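**Student:**
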Amino acid sequence: MKKFLPIFILAVCSYSATGQTTFQILDHNGTDVTNGQYDFSGPNSPSDPYFKYEIDFEVKNLKSVTITTKVKRMETMSLVGSAHYHCWGVCYTDINAGADYMFPESGDPEFLDFVDLNGSAQSTLNTYFKPKSAVGDASFRWVVFDDSNPSDSAFVDVVYDIRAFTGVNENDNVKMALYPNPA
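Residue 52 in the numbering used here is what sits at position 12 of the sequence shown, and the numbering runs on without skipping anything.
(1) I need the straight-line Cα distance from Val130 to Pro190, nearest angstrom please.
(2) Cβ of Ile202 within 8 Å of Cβ of Ala174?
(3) Look up Leu50 in the DSSP assignment and say whether it is helix, strand or coil.
(4) Give the secondary structure of Val175 by DSSP, where H, G and I count as helix, E and B as strand, and everything else as coil.
(5) Between which two residues does the beta strand (DSSP E) containing Ser193 stretch?
(6) Taking all protein chains shown into account, decide if Pro89 is buried (16 or more other Cβ within 10 angstroms of its Cβ) or exposed.
(7) Which residues in the same chain have their Cβ closer than 7 Å to the Cβ of Phe195, if we skip the five residues on either side of it in sequence?
(8) Can you grab the Cα-Cα spacing for the pair Glu115 / Asp153, in whole Å?
(9) Can you say whether Val120 is buried or exposed, counting buried as having 16 or more other CB atoms within 10 angstroms of its CB?
(10) Would you mind sorting His126 into buried or exposed? The rule is 16 or more other CB atoms within 10 Å of its CB.
(11) Of the residues Phe91, Val99, Asp79, which one's Cα is nearest the Cα of Asn158?
(12) To the nearest angstrom, how far is it from the Cα of Gly82 to the Cα of Thr62?
(13) My understanding is that Phe97 touches Leu66, with C-beta atoms under 8 Å, so please give their C-beta distance in whole angstroms.
(14) Determine the DSSP secondary structure at Thr206, reduced to helix, strand or coil.
(15) Between the C-alpha atoms of Ala204 and Asp192, what's the straight-line distance to the nearest angstrom?
(16) Out of Ala161, Lys110, Ser85, Asp72, which has the shortest C-alpha to C-alpha gap to Ser188?
(17) Who are the Cβ neighbours of Gly176 in its own chain at under 7 Å, not counting the five residues just before and after it?
(18) Mark Ala137 as exposed unless 16 or more other C-beta atoms lie within 10 angstroms of its C-beta, in which case mark it buried.
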């Protein structure tokens, strides 16, 4: 029994230490969305080819050492007719929906791009979605990982609910009062 207790404590401590991630992902409000989901809803923009939604995430290095980080994007649900791209140290070009499930992959030249995150530092992951005239749902998984240990990673799933643009909102309750009344 005396030998079992120290071995059990050592096993529990080593398991909890390896289960910790190096990264924390925060949304624009500072809410922790690490390994979670971020939902977004908005209209499409059929008449503006430059219209895009931008969702930024702060990626924090939770360790005290510098880590060479990379980001990959997985398109988990595509919305035909839309496009997307992201910036992580470098901004990439538009990718049409369904054209590239994972970007960048290990064979892509963009896979060489990285951001060094100093201990306890953070950097911004900029994600962009161009709905164009498409209506429906799209979702992406953004994965941040340590280049020297790809299994040390964190992700956030971004789900877009794109509705049809219905025009300008009219004021339903317009009150008018003219003072002074000359009559």
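Quick reminder that beta carbons are idealized off the backbone N, C-alpha and C, glycines included. Please read these numbers as outputs of a predicted model, since none were measured by experiment.
**Tutor:** Based on what the coordinates show:
(1) 20 Å
(2) yes
(3) At Leu50, the pLDDT of 42 sits below 50, so the modelled position is not reliable; the number obtained from the coordinates is stated separately. Helix, per DSSP.
(4) coil
(5) 189-203
(6) exposed
(7) Asn75, Arg181, Trp182, Val183
(8) 20 Å
(9) exposed
(10) buried
(11) Val99
(12) 32 Å
(13) 7 Å
(14) coil
(15) 39 Å
(16) Lys110
(17) Leu119, Ile202
(18) buried
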